[in-house]
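Q:
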Amino acid sequence: MKNKLRLPYLATWWIAPLVLLLLNVWIAVRLFHVEYSANLGSNEGEFIAIARGVANHWGDLRWWPEWSLGLPFQNTYLPLLPTMAGIFSRITGHSAALSFHQVSAAFFCLGPVFLYLMACVMTRMPWASFLAAAAYSTVSPCAVLPAFRTDLGGLWNLRRLQILAFYGEGPHTASMALIPLAILFLYLALTRGGLRDKVLAGMFLGAAVLCNAFGAAILAAAVAALLACVRTERFWRNLLLAAAIGALAYCWISPFVPPSVIAAIRMNSPTVDGDYRFNAQSGVGVALLAAGFALAWWVTRQRAPAHVRFFLLFAWLMAGTVALETLARIHVVPQPHRYQIAMDMSLCLLAVFGGAEVIRRISPRALTTAAVVLTLALAVQARHAIRYGRGLIRSTDVTRSAMYKEARWMDASFHGERVMVGGSYSFYFNDFSDTPQLHGGQDPMLPDFMLRIATFTIYSGMNAGARDGEIATLWLKAFGAHAVSVPGPHSEEVYKPFANPRKFEGLLPVLWREGDDAVYGVPARSDSLAHVMAAGDLVRDPPINGLDTGELEKYVAALDAPIYPEAQWRWTSRHSAVIDAALAPGQAISTQITYAPGWRATAAEVTHDGLGLLVLKPTCQGPCEIALAYDGGWEWRITCFLSLAAMLAALCLAVGRQARNFNRNRWQLPS
């Protein structure tokens, strides 16, 4: 009898997950050996740069000086995957690039395994769960949409692999791997109510969001579907429980996703990679999704099992969000096309479990035949996915690229002075160089919108006319860039961001040229990041656009004015510096560093100007030494307290539960 029970147990909880894991390893095996992908237009270089920074500066990660005039570390990107890659690099000695690909590939392989475990626990249908996870491993339903099918190069190619191996979406892949576990333990928390389930639900909810911000929207859709399907007689109680778990999960991760980061994402996301600002069409899209959700719930509430209704409602929200944007150009959230993998996951679950329910009602005997046919079809598709992976995953010798040569030359030539690197070259620049760059990292995370205005103006020159080069130079000087890299139309650089790549010819000196790539020098009186000037020379009001240069011109003139003494800037760590300057009454120190509330200074009041730059108003005169440091401010202290409180609350509840169980068992009489 034990042997009869043991075989199904092994097949369900060990053999099926192992088969899925090996299948995905076989598909992505080459990725475990790739240092740099042959597709150097991917933004994965930015994630690799963060991993490199974590590995090299593990004890000093408050401030990130390499990108975007400097910014808090939590504004580089949601940190879980790059941090894991950096720690893995530090432990193994592998390069940050290789470590990033290895950790990302591991999440790719584990994602379908976690999906299988979620489906199996929720449905108690191991074979159907295996087929759904195998379909997710090898098939991309989103390819039925023409835009994705064209980009994939065929209906049967695997989008989930393409976004990782070609587009470098490691954080998105990691988030999609953790989302099934978050859904699973939240489901268990709602149905069983165990403390362990609640704690694990909060942990995986937080971890999925810490990988990628899109994970938060996907989980919100999943929670809505769960609440509509699971123990609906306790809807309000379940809603409060889900809200409490979500709130504690946010408190736990809040030091890395504080309110300031959320505000930056909300400010930037609607205009990143397109115009996704909410409009009348967006309202129509939301209404369509809500109406379809309500109708699907009403029709199936007494006709289908809870798990089928959950898969249906989840698929409706995910597929509807993507299809509305792709087919009708209606966006209900920023960048809706980024939810394509969640669409694939939900449709694979719905197709298998919904199809099984329909077939069971028509002819129960046909279920076995359908399962066998689907298994054989997926076996054929798995063979195709393996071949697709072998063709897609290719490495390159990055040291032979123009991008690498330019980065190494600039690193040797500018000795820590800030530069601007054009286009996709900027993605990888800090993989090979410690030189700060004017614009780097992820636009949705930027705390200073003025930098986006400046970058757009420098690249596009829109409406600048004959003053294109002059205005671009003003912005470069204002933000402390001492050189600008400009890829020409025949450059290896992928995106060719400069509308007029010759705008600096004859205006700025050419310092380096190779092929169609050029580096122009931006003259400056001082290479310091601190500048003494009259308080009236500061930019008071934020420019309304890139061509609003009235106050900007006055500020740049003050930077170059010889009547002001030079100030010396010296970094003492990645988050602290010392400024030496001779100051007269009425003068201020403008620093070409992003202002953040966590900056503290001795002998000076910390404030900011209209460009979002940190300004010091000294309380001393004559020769002054001002020590400047970033400590995260009150936001960092409060979020750290909230994170600690959330962990202590979970610990106290667990200890209290164990104590109650111990006392109950202690006084229980033996039977």
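Per the working numbering, residue 8 is the first one in the sequence shown, and the count goes up by one each step. Glycine included, every Cβ here is placed at the ideal spot set by N, Cα and C. Remember, it's a predicted structure, so these values are computed and weren't measured experimentally.
Which class does residue 428 belong to by DSSP, given the choice of helix, strand or coil?
A: The count along the sequence shown starts at 1 and reaches residue 428 at position 421. Residue 428 falls in the coil class under three-state DSSP.
Q: So, with DSSP's three-state summary, where would you put residue 569?
A: Here residue 569 refers to the residue found at position 562 of the sequence shown. Coil, per DSSP.
Q: In three-state DSSP terms, what is residue 420?
A: What you label residue 420 is simply residue 413 of the sequence shown in a count that begins at 1. Correct three-state label for residue 420: helix.
Q: What span of residues does the beta strand (DSSP E) with residue 3 cover, start to end?
A: The structure shown has nothing for residue 3, since the chain only spans 8 to 678.
Q: Quick one: what does DSSP say residue 352 is sitting in, helix, strand or coil?
A: Counting from 1 along the sequence shown, the entry for residue 352 is found at position 345. The answer is helix: DSSP assigns residue 352 an H, G or I state.
Q: For a quick check, are the C-beta atoms of residue 276 and residue 337 less than 8 Å apart?
A: The residue given as residue 276 occupies position 269 in the sequence shown. The residue given as residue 337 occupies position 330 in the sequence shown. Contact flag unset, no.
Q: Looking at the secondary structure, which residues open and close the beta strand (DSSP E) in which residue 596 lies?
A: Here residue 596 refers to the residue found at position 589 when the sequence shown is read from its first residue. From DSSP, the beta strand (DSSP E) with residue 596 extends over 594–601.
Q: Going by C-alpha distance, which of 589, 81 and 123 is nearest residue 267?
A: Translated into positions along the sequence shown, residue 267 becomes position 260. For residue 267, the nearest C-alpha among the options comes from 81.
Q: Alpha carbon to alpha carbon, what distance is there between residue 194 and residue 678?
A: Reading the sequence shown from its first residue, position 671 is the one you call residue 678. Reading the sequence shown from its first residue, position 187 is the one you call residue 194. Residue placement at residue 678 is poorly supported in this model, since its pLDDT is 44, which falls under 50; the coordinates still yield a value, given next. Rounded to whole angstroms, residue 678 to residue 194 spans 36 Å at the Cα level.
Q: State the start and end residues of the unbroken alpha helix (DSSP H) segment that holds residue 34.
A: In the sequence shown, residue 34 corresponds to position 27, counting from 1. Here the alpha helix (DSSP H) through residue 34 covers 23–35.
Q: Enumerated in chain order, which unbroken segments of the alpha helix (DSSP H) with a length of 4 residues or greater are wholly contained in the region 362–425?
A: Correct list: 373–399 and 409–421.
Q: What residue range is occupied by the uninterrupted beta strand (DSSP E) comprising residue 637?
A: On the sequence shown, residue 637 is found 630 positions in, with the first residue counted as 1. First-last of the beta strand (DSSP E) with residue 637: 629–637.
Q: Answer yes or no: do residue 578 and residue 416 have a C-beta to C-beta separation smaller than 8 Å?
A: The residue you call residue 578 lines up with position 571 of the sequence shown. The residue you call residue 416 lines up with position 409 of the sequence shown. No.
Q: Look up residue 81 in the DSSP assignment and say whether it is helix, strand or coil.
A: Residue 81 sits at position 74 when you count from the first residue of the sequence shown. Helix at residue 81.
Q: Under 7 Å: does the beta carbon of residue 222 sit that close to some heavy atom of the ligand FMN?
A: Of the ligands one can find in the structure shown there are none, so the ligand FMN has no counterpart to examine.
Q: In the structure shown, what three-state DSSP assignment does residue 86 receive?
A: Working through the sequence shown from its first residue, we reach residue 86 at position 79. In the structure shown, residue 86 sits in coil (DSSP, three-state: anything other than H, G, I, E or B).
Q: To the nearest angstrom, report how far apart residue 183 and residue 118 are at their CA atoms.
A: Walking along the sequence shown from the start, residue 183 turns up at place 176. Walking along the sequence shown from the start, residue 118 turns up at place 111. Whole-angstrom Cα-Cα distance: 7 Å.
Q: Would DSSP call residue 477 helix, strand or coil?
A: By one-based count along the sequence shown, residue 477 stands at place 470. Here residue 477 sits in helix by DSSP.
Q: Whole angstroms is fine: what's the gap from residue 412's alpha carbon to residue 533's?
A: Walking along the sequence shown from the start, residue 412 turns up at place 405. Walking along the sequence shown from the start, residue 533 turns up at place 526. About 27 Å.
Q: Identify, in the order they occur along the chain, each residue of the same chain with its Cβ nearer than 7 Å to the Cβ of residue 467, setting aside the five sequence neighbours on each side.
A: Locating residue 467 in the sequence shown gives position 460, where the first residue counts as 1. Closer than 7 Å at the Cβ level, and outside the excluded window around residue 467, lie 506.
Q: Where do the N-terminal and C-terminal ends of the alpha helix (DSSP H) with residue 169 fall, by residue?
A: Working through the sequence shown from its first residue, we reach residue 169 at position 162. First-last of the alpha helix (DSSP H) with residue 169: 166–172.
Q: List the endpoints of the continuous beta strand (DSSP E) containing residue 611.
A: Taking the sequence shown and counting its residues from 1, the one referred to as residue 611 is at position 604. Element bounds for residue 611: 611–615.
Q: Measure how close the beta-carbons of residue 537 and residue 576 come, nearest whole angstrom, since I'm counting them as under 8 Å.
A: The residue labelled residue 537 in the question sits at position 530 within the sequence shown. The residue labelled residue 576 in the question sits at position 569 within the sequence shown. Yes, they are in contact, since the Cβ atoms of residue 537 and residue 576 sit about 4 Å apart, within 8 Å.
Q: Pull up the DSSP beta-bridge partners for residue 449, would you.
A: In the sequence shown, residue 449 corresponds to position 442, counting from 1. Residue 449 pairs with nothing; no bridge assigned.
Q: I need the DSSP call for residue 163, collapsed to helix, strand or coil.
A: One-based indexing of the sequence shown puts residue 163 at position 156. Residue 163 falls in the coil class under three-state DSSP.
Q: Could you compute how far the alpha carbon of residue 48 sits from the alpha carbon of residue 435?
A: What you label residue 48 is simply residue 41 of the sequence shown in a count that begins at 1. What you label residue 435 is simply residue 428 of the sequence shown in a count that begins at 1. Distance between the alpha carbons of residue 48 and residue 435 is about 9 Å.
Q: At what residues does the alpha helix (DSSP H) containing residue 214 begin and finish?
A: The residue labelled residue 214 in the question sits at position 207 within the sequence shown. From DSSP, the alpha helix (DSSP H) with residue 214 extends over 202–218.
Q: Assuming residue 360 contacts residue 321 (C-beta within less than 8 Å), just tell me the rounded distance between them.
A: Here the question's residue 360 lines up with position 353 in the sequence shown. Here the question's residue 321 lines up with position 314 in the sequence shown. The Cβ separation is near 11 Å, so there is no contact.
Q: Let me check understanding here. Comparing Cα to Cα, which of 257, 56, 34 and 474 lies closest to residue 440?
A: Translated into the one-based positions of the sequence shown, residue 440 becomes position 433. Residue 440 has its Cα closest to that of 56, out of 257, 56, 34 and 474.
Q: Taking contact to mean at least 3 C-beta pairs separated by less than 8 Å, is the region 212–221 in contact with the region 129–149?
A: No: fewer than three Cβ pairs fall under 8 Å.
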